[in-house]
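Here the structure comes first, spelled out in structure tokens, and everything after it is commentary.
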Amino acid sequence: YWGETMAQKQGGINLAMYALAFFAIGPLGRIGDRIGNQSTVAFVTVILALPSYVLLVWGPSALGLVVWAVAKVISGLSGSSLTGSPVCYALINEVSAPADVEAILGMAFAGVSLFWMLGGVAGIWILRAAGD
131 YWGETMAQKQ
141 GGINLAMYAL
151 AFFAIGPLGR
161 IGDRIGNQST
171 VAFVTVILAL
181 PSYVLLVWGP
191 SALGLVVWAV
201 AKVISGLSGS
211 SLTGSPVCYA
221 LINEVSAPAD
231 VEAILGMAFA
241 GVSLFWMLGG
251 VAGIWILRAA
261 GD
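Pasting the structure below:
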């Protein structure tokens, strides 16, 4: 649908999403302090999954792509970045034993990095298996 301008449009979407994430993380921290990190993580998880929900409902159509782009920008409200979600890391810090926090956060960061690397490979395998 976007054709030759796909890379530019994706760049603009990512810029808007990460800019929103930059400004959303402070208020999310205050919300987590006020209502609890578990509720805040639940909200963040729903917001992060919003672009996937959009594709499930509208599919890979022209309308689906536009709604996906809007949902992707809105997902910036989660405050997440390429290194994961600070809200989730705050919850790990809150519910873990003090002696275990460093190791668990290290595993969380490693897991995010691992999934970033393996996710693309898994996607290629799925597309090949589906015949696309």
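At position 131 of the sequence shown the residue is numbered 261 (my numbering), and the sequence of numbers has no breaks. We put the beta carbon where it would ideally sit given N, CA and C, even for glycine.
Counterpart residues of residue i in DSSP-defined beta bridges
| i | result |
| --- | --- |
| G214 | S211 |
Cα-Cα separation between residue i and residue j, rounded to whole angstroms
| i | j | result |
| --- | --- | --- |
| M147 | L244 | 22 Å |
| N144 | L150 | 10 Å |
| I222 | Y183 | 26 Å |
| L248 | L185 | 21 Å |
| S226 | M237 | 13 Å |
| A154 | A259 | 39 Å |
| A252 | W246 | 10 Å |
| I254 | P181 | 20 Å |
| I234 | P228 | 10 Å |
| V174 | G261 | 34 Å |
| D230 | E224 | 11 Å |
Member of the options whose CA lies at the smallest distance from the CA of residue i
| i | options | result |
| --- | --- | --- |
| V83 | L185, L178, L193 | This structure leaves residue 83 out entirely; the chain is present only between 131 and 262. |
| L195 | G133, V176, A233 | G133 |
| T213 | I234, E232, V242 | V242 |
| F152 | L257, S211, G261, E232 | S211 |
Residue i Cβ short of 6 Å to the ligand SAM heavy atom set
| i | result |
| --- | --- |
| P216 | With respect to the ligand SAM, the structure offers nothing, as it holds no ligand at all. |
**OP:** Tell me, please, whether the region 189-200 touches the region 150-169 by the rule of three or more beta-carbon pairs shorter than 8 Å.
**Re:** No contact exists between the region 189-200 and the region 150-169.
**OP:** Indicate whether the contact test is met: 3 or more Cβ pairs, each with one atom in the region 161-171 and one in the region 203-213, closer than 8 Å.
**Re:** No, the region 161-171 is not in contact with the region 203-213.
**OP:** Report yes or no: do the region 195-202 and the region 133-149 share at least 3 C-beta pairs separated by less than 8 Å?
**Re:** yes
Original post:
Is the number of C-beta pairs between the region 213-230 and the region 170-183 that are closer than 8 Å three or more?
Top reply: yes
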